[in-house]
Amino acid sequence: MKRIRFYLRIYRKILAQDLKSKMSYRADFIISTIGMIFTNVAGFISFWVVFQNFPSVMGWNYHEMLFLYGFSLIALTPVQCFFDNNWSLRHYVYSGDFIKYCFRPINLFFYYMSEVFDIKGLGQLLFGSVTIIYAWNKLGLEVSVIVLVELFIAIITASLFMIALMNAAAATCFWIVNSGYVMVTAFKFKDYSRYPVTIFSPVFRFVFTFVIPIAFISYYPSLLFLRSNTVPLLTWLSPAIGVASFYLSYKFWMKGAASYSGTGS
Amino acid sequence: MGLKKYLTFTRAGIVESLQFRSSIFVTILGNFIYLIITYYLWKAIYASVDSKVINGMSFADTMIYLVLASALFYFMEVYLVWDMGRSIQTGKIVLDLLKPIPYQSFMFWYSSGSCLMSFIITFLPTAVLVYIVTKGAIHLGINLLFFMAGVVLALLINYFINLIVGTICIHTESIWGVNIMKEVIVLLFSGATIPIAFFPEKLRTLVFYMPFQAIYNTPLRLLITPNMSRQERLQLLLIQLFWVVVLYGISKLFWNISIKKITVNGG
Chain A
774 MKRIRFYLRI
784 YRKILAQDLK
794 SKMSYRADFI
804 ISTIGMIFTN
814 VAGFISFWVV
824 FQNFPSVMGW
834 NYHEMLFLYG
844 FSLIALTPVQ
854 CFFDNNWSLR
864 HYVYSGDFIK
874 YCFRPINLFF
884 YYMSEVFDIK
894 GLGQLLFGSV
904 TIIYAWNKLG
914 LEVSVIVLVE
924 LFIAIITASL
934 FMIALMNAAA
944 ATCFWIVNSG
954 YVMVTAFKFK
964 DYSRYPVTIF
974 SPVFRFVFTF
984 VIPIAFISYY
994 PSLLFLRSNT
1004 VPLLTWLSPA
1014 IGVASFYLSY
1024 KFWMKGAASY
1034 SGTGS
Chain B
174 MGLKKYLTFT
184 RAGIVESLQF
194 RSSIFVTILG
204 NFIYLIITYY
214 LWKAIYASVD
224 SKVINGMSFA
234 DTMIYLVLAS
244 ALFYFMEVYL
254 VWDMGRSIQT
264 GKIVLDLLKP
274 IPYQSFMFWY
284 SSGSCLMSFI
294 ITFLPTAVLV
304 YIVTKGAIHL
314 GINLLFFMAG
324 VVLALLINYF
334 INLIVGTICI
344 HTESIWGVNI
354 MKEVIVLLFS
364 GATIPIAFFP
374 EKLRTLVFYM
384 PFQAIYNTPL
394 RLLITPNMSR
404 QERLQLLLIQ
414 LFWVVVLYGI
424 SKLFWNISIK
434 KITVNGG
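Taken in order, these protein sequences are the chains called A and B.
Heads up: take any position in the first sequence, counting from 1, add 773, and you land on my numbering.
Heads up: take any position in the second sequence, counting from 1, add 173, and you land on my numbering.
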């Protein structure tokens, strides 16, 4: 408990420094935020255009798809906000600057990730929240304390999957050159997490559940609310799988960091 | 011959893009996964409605369109905004400005090399594959000629848009934000993610007055629409040409104004 409080205090301090340095590039900050909003609006327009032509997809109606969409946006916020420094990892590793993180008396992974907090992600959170509230309303879903707690847990565990994926993708830079492309490819998967996994053939259903687990980002947790009569076992297991995925990616990341020998400069 | 000095830059671009072979592999793999997901998504969408043809496009038409659009996208992606933004931030742009060739043409010929490479590596194999898989849904004839002309004009339009957006970086010092806005707008309104035929009437009219649809939609229509009259084809090319001229003018004017403002710290 004492340790957690200690880490929280450190996080707050580092965060304040990061925000201060971001504020000194105000134009960049504002433009990046607008860019993020653009991305979300454009994603929504393409979603909307498709459903202008097709009333439902494989038994999922417009508002249910909207629910999945909003859920995935919220579940993808933590990776954007708290783990954005993964994108810079390969630059630090090549330039040799990564060595500075290795000499701190706190957890390496924690210290590295705490250095950047991406505020742009909050726009996405807002967008996703509005979408899911709208869909929730239109579908006439139940609102109670228990459901809200369930929703909260579902979102937190769903977010772990994308974090794990990005950690693993970023950590590849410890072994291979040009890992930027691995990250870009991994990041693209998030766009497909918003579709029901049932549209795929059995092979890819398996792949997207157990190999690249994007089905857990929105589909499996959403079943709890949209198909509450037939919730599969995987939905109940998803918190455990999420934590396990995160832990594995963390170990992988740390293994890479441990093998890091610096550039000698 | 005047062209020869420019082709040297093209060659340099080719050599540079060959340096990153592993990235080409990952890109192709990523594209492959994207195509699989797109395939299943649209299959599910088409399975959910009774009619086989929607907005004049069958499932096969939509797939061919999207596959080729994504191949075109990888082929035209030039990272010009990133290159320009970075060389403005680091000050490297000064060296490029000192070269005895206008910066715009230097960057154009330089990026033409990597474009040529990705045309051979990504677009050609994809197009051949589509031709074989669909057993000749792409008509081989005069449309190929119009398609090639359309692609060249589309390349120029794409280049000038990138140049304008890159010039914005001189003023803003923000690369990520500016670039993502450009990417999002171009991808959506060019019909690269969803065929423009699916857009609602009002949006389609709006899109028609923008230059973006001339990048992906026009060449693809020239390639896959059967029995398009010659007049209609020429009309499409003329619209593209119009945008090339307009965007060239804007980019040149904007560049000439902005270049006076550039500040580079030491170096």
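Glycine included, every Cβ here is placed at the ideal spot set by N, Cα and C.
On a predicted model such as this, the values are computed, not experimentally measured, just so you know.
- Is the Cβ-Cβ distance between Leu271 of chain B and Ala815 of chain A less than 8 Å? no
- Residues near Ala365 of chain B by beta carbon distance below 6 Å, same chain, minus five either side: Ala242, Phe246, Tyr389
- Query: Can you tell me where the alpha helix (DSSP H) with His864 of chain A in it begins and where it stops?
  - Reply: That run of the alpha helix (DSSP H) goes 862-868.
- Item | Limits of the unbroken alpha helix (DSSP H) element including Trp282 of chain B | First-last of the alpha helix (DSSP H) with Trp282 of chain B: 276-291.
- Task: Apply the 10 Å Cβ neighbour rule to Pro273 of chain B and answer buried if 16 or more other Cβ atoms are within range, or exposed otherwise.
- Result: exposed
- Give the straight-line distance between the Cα atoms of Phe900 of chain A and Met838 of chain A, rounded to the nearest whole angstrom. Between Phe900 of chain A and Met838 of chain A, the C-alpha separation is close to 15 Å.
- Whose C-alpha, out of B:Phe372, B:Ile412, B:Lys433, is nearest the C-alpha of Trp821 of chain A? B:Phe372
- Query: Quick check: the stretch 958-972 of chain A against the stretch 981-990 of chain A, are there 3 or more CB pairs under 8 Å?
  - Reply: yes
- Query: Of all the residues that make up the stretch 814-847 of chain A, which are near chain B by a beta-carbon distance shorter than 7 Å?
  - Reply: Of all residues in the stretch 814-847 of chain A, Ala815, Ile818, Ser819, Val822, Val823, Gln825, Asn826, Phe827, Ser829, Val830, Met831 have a Cβ within less than 7 Å of some Cβ in chain B.
- Round the Cβ separation of Ala327 of chain B and Pro392 of chain B to the nearest angstrom and send it over; I've been treating them as touching at under 8 Å. Separation of the CB atoms of Ala327 of chain B and Pro392 of chain B is rounded to 5 Å, and the pair is thereby assigned contact status at 8 Å.
- State buried or exposed for Trp282 of chain B, treating a residue as buried only when at least 16 other CB atoms are found within 10 Å of its CB. buried
- Message: Which residues of the stretch 340-352 of chain B have a Cβ closer than 7 Å to any Cβ of chain A? Give them in chain order.
- Response: Thr345, Glu346, Ser347, Trp349, Gly350, Val351
- Buried or exposed: Ala800 of chain A, going by 16 or more other Cβ atoms within 10 Å of its Cβ? exposed
- Task: Name, please, each residue of chain B whose Cβ falls closer than 8 Å to the Cβ of Ser974 of chain A.
- Result: Tyr213
- Task: Can you say whether Asn228 of chain B is buried or exposed, counting buried as having 16 or more other CB atoms within 10 angstroms of its CB?
- Result: exposed
- Item | Straight-line gap, Leu912 of chain A to Met831 of chain A (C-alpha atoms, nearest Å) | 17 Å
- Can you tell me whether DSSP reads Val830 of chain A as helix, strand or coil? strand
- Query: Taking all protein chains shown into account, do 16 or more other C-beta atoms lie within 10 angstroms of the C-beta of Asp223 of chain B, making it buried, or fewer, making it exposed?
  - Reply: exposed
- Message: Within a Cβ cutoff of 6 Å, which residues of the same chain sit near Phe718 of chain A, ignoring the five residues on either side of it in sequence?
- Response: Lying before the first or after the last residue shown, residue 718 of chain A is absent from chain A, which here runs from 774 to 1038.
- Item | Closest by C-alpha distance to Asn858 of chain A, when choosing among A:Leu788, A:Leu924, A:Pro828, A:Trp909 | Considering only alpha carbons, the answer is A:Leu788.
- Query: By the criterion of Cβ-Cβ separation under 9 Å, what are the contact partners of Thr295 of chain B in chain E?
  - Reply: Among the protein chains of the structure shown, namely A and B, there is no chain E.
- Since I believe Pro399 of chain B is in contact with His344 of chain B (beta carbons under 8 Å), could you give me their beta-carbon distance rounded to a whole number of angstroms? Separation of the CB atoms of His344 of chain B and Pro399 of chain B is rounded to 46 Å, and the pair is thereby denied contact status at 8 Å.
- Message: Output needed for Val351 of chain B: all residues of its chain with C-beta closer than 8 Å, excluding positions within five of it in sequence on either side, in chain order.
- Response: Its chain contains Val254, Gly258, Val338, Ile341, Cys342, Thr345 as the residues whose beta carbon lies nearer than 8 Å to that of Val351 of chain B, once the 5 sequence neighbours on both sides are disregarded; these appear in chain order.
- Going by beta carbon distance, what residues of the same chain come within less than 7 Å of Val1004 of chain A, once the five residues before and after it are set aside? Leu996, Leu997
- Message: Distance check for Ile928 of chain A and Ala185 of chain B, CA to CA, integer angstroms please.
- Response: 49 Å
- Please list the partners that Tyr252 of chain B has in chain A, where partner means a Cβ-to-Cβ separation under 8 Å. Per Cβ cutoff of 8 Å: no residues; Tyr252 of chain B is ~11 Å from chain A at best.
- Item | Closer than 7 Å at the beta carbon, the chain A residues around Ala217 of chain B | Val830, Met831, Ile972
- Item | Beta-carbon contacts of Gln853 of chain A that lie in its chain and below 8 Å, excluding the five residues immediately before and after | Counting only residues of its own chain and dropping the five nearest sequence neighbours on each side, Gln853 of chain A has a CB closer than 8 Å to the CB of Asp891, Lys893, Gly894, Gln897.
- Enumerated in chain order, which unbroken segments of the alpha helix (DSSP H) with a length of 4 residues or greater are wholly contained in the stretch 876-932 of chain A? 881-887, 893-912
- How about Val222 of chain B: is its C-beta nearer than 8 Å to some C-beta of chain A? yes
- Can you say whether Val359 of chain B is buried or exposed, counting buried as having 16 or more other CB atoms within 10 angstroms of its CB? buried
- Around the C-beta of Ser974 of chain A, are 16 or more other C-beta atoms found within 10 angstroms, so that it is buried, or is it exposed? exposed
- Query: Looking at the structure shown, is Met809 of chain A part of a helix, part of a strand, or coil, going by DSSP?
  - Reply: helix
- At least one CB of chain A closer than 8 Å to the CB of Ile435 of chain B: is that the case? no
- Message: Please tell me whether Gly440 of chain B has its Cβ less than 8 Å away from any Cβ of chain A.
- Response: The predicted model places Gly440 of chain B with a pLDDT of 45, which falls under 50 and marks its position as unreliable; any figure quoted below should be read in that light. Output row for Gly440 of chain B: interface = no.
- Can you name, in chain order, every residue of its own chain whose Cβ lies under 6 Å from the Cβ of Tyr421 of chain B, other than the five neighbours on each side? For Tyr421 of chain B, where only same-chain residues beyond five positions count, the Cβ hits under 6 Å are Phe333.
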